[in-house]
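Residue numbers (our numbering): 1 to 298. Glycine included, each C-beta is placed from N, C-alpha and C at the ideal position.
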Amino acid sequence: MSNLSSEERNPFASNPGSLKKVKGSPQSLFNIAMTVLAGACLAISLLPLFAVLSYVTVQGFNRLNLDLFTKLPPPPGLSGGGIANAILGTLMTVGIASLIAVPFGVLAAVYLSEFSKGQIARWVRFATNVLSGVPSIIAGVFAYGLFVVNMGGFSAIAGGAALAVLMLPTIVRTTDEALQIVPQDIRWASVGVGASNYQTVLQVVLPAAIPAILTGVTLAIARAAGETAPLIFTALNSPFWPAGFDKPTPSLSVLVYNFATVPFKAQKELAWAASLILVMMVLLTSILSRWATHKKVY
């Protein structure tokens, strides 16, 4: 082995430039072509997003004023007014849905990640994935039969229950994944100093996973705020201020659905303004979720 020359030991020693990138080589041209193709696909995929945002902003921005957030919708054919009742109704229904879905979703994910084993956890995760693919109108029909028919009328509670069904799988899946990301060594260290499983989950695991859990919650809220079909079956609509949680309740999504099809210009302008507010709410929740993910404990 000692009689081998330096070229035999290192075939590239005699040509130090053999590893340099040649601009005119077929491999370099192929890389450039694939980079350009990937960039074009990225631009095409982002084009619908920017087109929707720009069009909704242009159509709805001119109608943004103080009356929009403080007054009721005008009667058909009249101008002015606002959508304050729909904004309040959306906050009511989404708030009820969050109060139902967040505790149940987080606790279910904690059981799946920390306490369940074997086939039970596998089947529960499978059921959650199936539920996440159920059309929203099916959740509306379910809440209609369970709450509207039995409670005797449309209400914000029924609308919140329908939205909670849609939020639940998102919260369960994101929380389950967030808890599994927490390193196992942290759990062992907590148990090693004498903490029980309950204390470990409550004081160590959950605080470490809170950023990712908040991401799932905000994404679920953003989805619920833009749903229309479940609210048509459950909360219905109202041109007045919400009279209570057990009464028909207006919402932004249903208002957009109703006003976008009428022949009156004032109502169409309100529909565009409500669409812009919905988009801004979704963007705000997405920004909050991204901000929360940057605050990591581990």
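Contacts around residue i, its chain only, beta-carbon distance under 7 angstroms, and the 5 residues preceding and following it disregarded
{"i": "G160", "result": "T93, I96, A97, I100"}
{"i": "T90", "result": "A225, S251, L252"}
{"i": "A109", "result": "V172, T175, D176, L179"}
{"i": "G74", "result": "The question names Gly, but residue 74 in the sequence shown is Pro. Cβ neighbours of P74 beyond the five flanking positions: G80, G81, A266."}
{"i": "M254", "result": "Reading the sequence as shown, one finds Val at residue 254 and not Met. Cβ neighbours of V254 beyond the five flanking positions: T228, L231, I232, N237."}
{"i": "M102", "result": "Here residue 102 turns out to be Val, not Met, going by the sequence shown. Cβ within range, chain order: I171, V217."}
Helix, strand or coil at residue i according to DSSP, with G and I counted as helix
{"i": "V182", "result": "coil"}
{"i": "F154", "result": "coil"}
{"i": "K71", "result": "coil"}
{"i": "N258", "result": "helix"}
{"i": "V193", "result": "coil"}
{"i": "F264", "result": "coil"}
{"i": "T200", "result": "helix"}
{"i": "P76", "result": "coil"}
{"i": "P248", "result": "coil"}
{"i": "G216", "result": "helix"}
{"i": "L283", "result": "helix"}
{"i": "L64", "result": "coil"}
{"i": "S226", "result": "With the sequence shown as reference, residue 226 is identified as Gly, and Ser is not the correct amino acid for it. G226: coil per DSSP, three-state reduction."}
{"i": "G81", "result": "coil"}
Residue burial classification, residue i (beta-carbon count within 10 angstroms, cutoff 16)
{"i": "Q267", "result": "buried"}
{"i": "G80", "result": "exposed"}
{"i": "R173", "result": "buried"}
{"i": "G216", "result": "buried"}
{"i": "F259", "result": "buried"}
{"i": "P169", "result": "buried"}
{"i": "T200", "result": "buried"}
{"i": "L68", "result": "buried"}
{"i": "N85", "result": "buried"}
{"i": "L285", "result": "In the sequence on display, residue 285 carries Thr and not Leu. Buried, by the Cβ-count rule."}
{"i": "P183", "result": "exposed"}
{"i": "S155", "result": "buried"}
{"i": "M167", "result": "buried"}
Segment limits, alpha helix (DSSP H) that includes residue i
{"i": "V205", "result": "Run containing V205: none; DSSP gives neither H nor E here."}
{"i": "W241", "result": "Neither: W241 is in no alpha helix (DSSP H) and is coded neither H nor E."}
{"i": "R122", "result": "119 to 132"}
{"i": "T93", "result": "84 to 110"}
{"i": "F115", "result": "Neither: F115 is in no alpha helix (DSSP H) and is coded neither H nor E."}
{"i": "G60", "result": "26 to 61"}
{"i": "A143", "result": "136 to 143"}
{"i": "T234", "result": "229 to 234"}
Close beta carbons around residue i, own chain, < 8 angstroms, minus the five adjacent residues each side
{"i": "V297", "result": "For V297, the predicted structure reports a pLDDT of 49, less than 50, and the residue's modelled location is therefore unreliable. The matter cannot be settled from this model."}
{"i": "V141", "result": "F233"}
{"i": "L64", "result": "A273, L276"}
Residues of its chain near residue i, where Cβ-Cβ distance is below 6 angstroms and the 5 sequence neighbours each way are ignored
{"i": "L278", "result": "G226, L252"}
{"i": "S190", "result": "T200, V204"}
Is the region 214 to 228 close to the region 141 to 156, with three or more CB pairs under 8 angstroms? no
Given 8 angstroms as the limit, is there contact between the region 196 to 209 and the region 108 to 119, that is, 3 or more CB pairs closer than that? yes
Stretch-stretch touch, CB-based, cutoff 8 angstroms, three pairs: the region 52 to 64 with the region 269 to 288: yes
Cβ contact check for the region 239 to 258 and the region 153 to 170: 3 or more pairs under 8 angstroms: Touching, yes, given that three or more Cβ pairs across the two stretches are closer than 8 angstroms.
Between the region 172 to 188 and the region 128 to 137, do at least 3 Cβ pairs fall closer than 8 angstroms? yes
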